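Q: I'd like to ask you about the structure that follows.
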Amino acid sequence: GGRETTFDCTALGATCDATGLPYCKPAQATCTPFDPGVNACSGSTISLCIGGQPATLDCSTIGLVCAPPANGQTAHCQ
Numbered sequence: 303g304g305r306e307t308t309f310d311c312t313a314l315g316a317t318c319d320a321t322g323l324p325y326c327k328p329a330q331a332t333c334t335p336f337d338p339g340v341n342a343c344s345g346s347t348i349s350l351c352i353g354g355q356p357a358t359l360d361c362s363t364i365g366l367v368c369a370p371p372a373n374g375q376t377a378h379c380q
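In the working numbering, the protein residues as written are 303 to 380.
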């Protein structure tokens with residue numbers, strides 16, 4: 303079920319980081335999607351790495367709860 307795709311990371315001002323799963327890493331990145339603590343729930347809040355910068359989203363602000371990673375999914379609001 304996998305698909306092979308190519309993408310020029312330089313179009314985003316980024317470089318291709320092939321550590322783990324390949325992704326476009328912004329030049330000023332301070333986090334990666336694979337860092338410990340990223341993509342994790344703390345109460346109703348999910349920790350994220352967006353554009354190489356740490357961020358959080360409180361799922362309760364949109365009427366949802368934070369669901370931790372399970373069954374091959376990443377943490378998400380549900």
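Quick reminder that beta carbons are idealized off the backbone N, C-alpha and C, glycines included.
Remember, predicted model here, so these are calculated numbers, not experimental data.
Please determine, among Gly-304, Thr-347, Gln-330 and Pro-324, the residue with the shortest C-alpha to C-alpha distance to Ala-357.
A: The residue with the shortest Cα to Cα distance from Ala-357 is Thr-347.
Q: What whole-angstrom Cβ distance do Gln-355 and Cys-333 have, given they're in contact under 8 Å?
A: At roughly 7 Å, the Cβ-Cβ gap stays under 8 Å, so Gln-355 and Cys-333 are in contact.
Q: Give the single residue among Phe-309, Asp-360, Asp-310 and Ile-352 whose Cα lies nearest to the Cα of Pro-335.
A: Out of Phe-309, Asp-360, Asp-310 and Ile-352, Ile-352 has the C-alpha closest to the C-alpha of Pro-335.
Q: Between which two residues does the beta strand (DSSP E) carrying Leu-366 extend?
A: From DSSP, Leu-366 is part of no beta strand (DSSP E); its letter is neither H nor E.
Q: How should Ile-377 be labelled, buried or exposed, when 16 other C-beta atoms within 10 angstroms of its C-beta is the threshold for buried?
A: A small correction: the amino acid at residue 377 is Ala; Ile does not occupy that position in the sequence shown. Label assigned to Ala-377: buried.
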